[in-house]
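A short worksheet on the structure shown next.
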Amino acid sequence: MSAYIRQLELPICDDIAVDLRAGDLLSLTGTIYTARDAAHQRLVAALDSDEELPIDLREAVIYYCGPTPAQPNRPIGAAGPTTSARMDPFTPQLYAAGVRATIGKGPRSPQVREACREYLGLYLVATGGAGALISTWVQQADVVAYPDLGPEAIYRLQVEDFRALVGYDVYGASIFCNEDDLE
Amino acid sequence: MHQIPASRIAETVASLCQKVNYELPEEVVAALEAARAAESNPQAQRILGELLENAQIAREQHIPLCQDTGLVVVFAELGDEVSISGGDLGEAINEGVSRGYTEGYLRPSVVANPLQRDTNTTDNTPAVVHVELVAGCNLTLHLMAKGGGSENMSAMWMLPPAAGRQGIIEAITTQIQQAGGKPCPPLILGVGIGGTFEKAALLAKRALVRPLGQPSQDPEIAQIEQDILESVNQTGVGPMGLGGDTTALAVHVLTHPCHLASLPVALNIQCHSARHATAVL
Chain V
1 MSAYIRQLEL
11 PICDDIAVDL
21 RAGDLLSLTG
31 TIYTARDAAH
41 QRLVAALDSD
51 EELPIDLREA
61 VIYYCGPTPA
71 QPNRPIGAAG
81 PTTSARMDPF
91 TPQLYAAGVR
101 ATIGKGPRSP
111 QVREACREYL
121 GLYLVATGGA
131 GALISTWVQQ
141 ADVVAYPDLG
151 PEAIYRLQVE
161 DFRALVGYDV
171 YGASIFCNED
181 DLE
Chain C
184 MHQIPASRIA
194 ETVASLCQKV
204 NYELPEEVVA
214 ALEAARAAES
224 NPQAQRILGE
234 LLENAQIARE
244 QHIPLCQDTG
254 LVVVFAELGD
264 EVSISGGDLG
274 EAINEGVSRG
284 YTEGYLRPSV
294 VANPLQRDTN
304 TTDNTPAVVH
314 VELVAGCNLT
324 LHLMAKGGGS
334 ENMSAMWMLP
344 PAAGRQGIIE
354 AITTQIQQAG
364 GKPCPPLILG
374 VGIGGTFEKA
384 ALLAKRALVR
394 PLGQPSQDPE
404 IAQIEQDILE
414 SVNQTGVGPM
424 GLGGDTTALA
434 VHVLTHPCHL
444 ASLPVALNIQ
454 CHSARHATAV
464 L
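Protein sequences, first through last, are from chains V and C. Residue numbers for the first sequence follow this note's numbering, so the first one is 1 and each next one is one higher. Residue numbers for the second sequence follow this note's numbering, so the first one is 184 and each next one is one higher.
If you want it as structure tokens, here you go:
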């Protein structure tokens, strides 16, 4: 087991992004935003029509998560990652718009890996089905866009020691089995 | 006649919905512990450790195991000497789901219209309910909260009968390999062999409510369960698709006689968060 965990304060600047490699274990502290399928559709529609975006995408970290309702006195309910591949059609455009990293679970399309390489993007992997554990890393959660989407709204999360692996790095390398490095 | 009030069924379902989402079955925890001990891949060990930590936090702090608190599937075995008073079985189950999910801070994950997809039913109803009439004076409810990620990677084949055992093992292994990390391995595989198109699918789902670690009582079926498990674990997909020895924790197979021209095979994939429980009324 790699005992080494790299502590990172968000946002992640270019110099740090190029220093990370697929397989590195990170501990993230700072601000991240949740977005799932429906929020992605709206973000990309806004980008396509040059509308103002509800969040600043530059160096943003997007977390594919639709949490359970928060219980009283808790910032958030269970908050694990959902399957990233469903967001693949939208993701290259978001990296192009400045998104630094996405966090989810599972392998993704070659286009996403290519976009990571082209725009210095990262794809980070959190443990699927660890929603209770991950909720303990979230200090605060506020809905910042699309409240009508319920659990699929965009939440701004303040996280502390959020553990994630680098799944795809900026060089096209992947941590997933059956995925060779890009040519 | 054994009379069961509909309100009691609703209460039972409400309580099962919460229990399954907060408490991973002990045999699943034991299987994860055994897998961690046997795992040779350090990354996989770390992930299995996180899953065990997750199960403990969920149980102790009453936080759902997973944010996908599932679509509720109920297998109801209704005794022929049971009469339900003050409502019908389907309504009672859905009332229980509504109450359990709303009061339990569980995520409503059901869209009312599969094509338009813009309206959440807000209380996680309706459940998918399968009723079987059995002899006796009990109502047995097997309830599962089935996550979407693993359901999405499930598959069905109408194999040529000549494909046989080997064809079945190959089809399932290929599917698991292609699914990779998407269905949240380590997995539990429900497999239905035989019957018809829809019967095989139902058997595959029904196989998932069998407690983990109980092989089929039929030695021939137990053997194919073992063979599928070994084949799937040789893919190296591993926990979360990041490599390792532990791609599946168990394989449960149910069979049914079938047409001499057919070999229906259904694979229903269950993620490691195998949330199910049984109540007898």
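Even for Gly, the Cβ is constructed at its ideal location relative to N, Cα and C. Computed from a prediction, not measured in an experiment: that's the story for all the values here.
Unbroken alpha helix (DSSP H) run spanning residue i, endpoints
i       : result
R108(V) : Per DSSP, R108(V) belongs to no alpha helix (DSSP H) and is neither H nor E.
S414(C) : P402 to N416
E381(C) : F380 to A390
E210(C) : E209 to A221
Residue i at chain C interface by Cβ criterion, 7 Å
i       : result
A141(V) : no
M1(V)   : At M1(V) the pLDDT is 43, less than 50, meaning the model places this residue with poor confidence and gives no usable figure here.
R68(V)  : Contrary to the premise, residue 68(V) reads as Thr rather than Arg in this sequence. Cβ-Cβ to chain C under 7 Å: yes for T68(V).
F176(V) : yes
L133(V) : yes
A79(V)  : yes
P89(V)  : no
T34(V)  : no
G172(V) : no
Q41(V)  : no
G30(V)  : no
P151(V) : yes
Q7(V)   : no
Q71(V)  : yes
P92(V)  : no
T83(V)  : yes
I103(V) : no
Any C-beta of chain V under 7 Å from that of residue i
i       : result
M423(C) : yes
L248(C) : yes
H185(C) : no
L385(C) : no
K365(C) : yes
R290(C) : yes
T252(C) : yes
N416(C) : no
I267(C) : no
C320(C) : no
E233(C) : yes
Chain-order list of residues whose beta-carbon lies under 7 Å from that of residue i (same chain, five-residue window excluded)
i       : result
L316(C) : L261 and D263
I404(C) : V436 and T438
R282(C) : A193 and A197
A22(V)  : V166, G167, Y168, D169, A173, S174 and I175
A387(C) : G373, V374, G375, A449, L450 and N451
Sequence-distant residues of its chain with Cβ nearer than 8 Å to residue i (five each side left out)
i       : result
Y4(V)   : L25
V280(C) : V196, A197, C200, V255, D306, N307, T308, P309 and A310
E210(C) : P394, L395 and G396
Y33(V)  : I55, A60, V61, I62, Y63, V144, I154, Y155, R156 and L157
M1(V)   : Any reading at M1(V) must be qualified, since the residue scores a pLDDT of 43, below 50, and its modelled position is unreliable; the value itself is stated next. Same-chain partners within the cutoff: there are none.
A85(V)  : G106, P107, R108 and S109
Buried versus exposed, by CB contacts within 10 Å (16 or more), residue i
i       : result
L455(C) : Rather than Leu, the amino acid found at residue 455(C) in this sequence is His. H455(C) comes out buried.
A17(V)  : buried
V193(V) : Outside the displayed range of chain V (1 to 183) lies residue 193(V), so it cannot be described from this structure.
L443(C) : exposed
R290(C) : buried
F258(C) : buried
S337(C) : buried
Q358(C) : buried
V265(C) : buried
C463(C) : Note on identity: in this sequence residue 463(C) is Val, with Cys being the wrong assignment. Exposed, since its Cβ has fewer than 16 Cβ neighbours within 10 Å.
F162(V) : buried
G319(C) : exposed
S333(C) : buried
E51(V)  : exposed
S268(C) : exposed
G347(C) : exposed
Beta strand (DSSP E) segment containing residue i, residue limits
i       : result
R242(C) : First-last for R242(C): P225 to Q244, but that is the alpha helix (DSSP H), not the beta strand (DSSP E).
P297(C) : Segment: none, P297(C) is in no beta strand (DSSP E) and carries neither H nor E.
S27(V)  : L25 to T34
A141(V) : V138 to A145
H455(C) : Segment: none, H455(C) is in no beta strand (DSSP E) and carries neither H nor E.
Cβ shell of residue i (< 6 Å), same chain only, five flanking positions each side left out
i       : result
V112(V) : D88 and T91
L8(V)   : L26 and L28
Under 7 Å by beta carbon: chain B residues contacting residue i
i       : result
A221(C) : The chain inventory of the structure shown lacks chain B, comprising the protein chains V and C.
- Message: Whether or not the segment 51-68 of chain V and the segment 149-160 of chain V are in contact is what I'm after, with contact meaning three or more pairs of Cβ atoms, one per stretch, closer than 8 Å; do they touch?
- Response: Contact between the segment 149-160 of chain V and the segment 51-68 of chain V is established, with three or more Cβ pairs separated by less than 8 Å.
- Item | Sufficient close CB pairs (3 or more, under 8 Å) joining the segment 241-249 of chain C to the segment 369-383 of chain C | no
- Task: Report yes or no: do three or more beta-carbon pairs, one from the segment 322-329 of chain C and one from the segment 70-88 of chain V, lie closer than 8 Å?
- Result: no
- Query: Taking one C-beta from the segment 131-140 of chain V and one from the segment 103-110 of chain V each time, how about it: are there three or more such pairs within less than 8 Å?
  - Reply: no
- Message: Under 8 Å, with one C-beta from each stretch per pair, do the segment 222-234 of chain C and the segment 273-287 of chain C reach the 3-pair mark?
- Response: no
- Message: Using 8 Å as the cut-off, can you tell me whether the segment 119-129 of chain V makes contact with the segment 418-431 of chain C, which would need three or more C-beta pairs spanning the two stretches below that distance?
- Response: yes
- Item | At least 3 beta-carbon pairs within less than 8 Å: the segment 38-47 of chain V vs the segment 91-103 of chain V | yes
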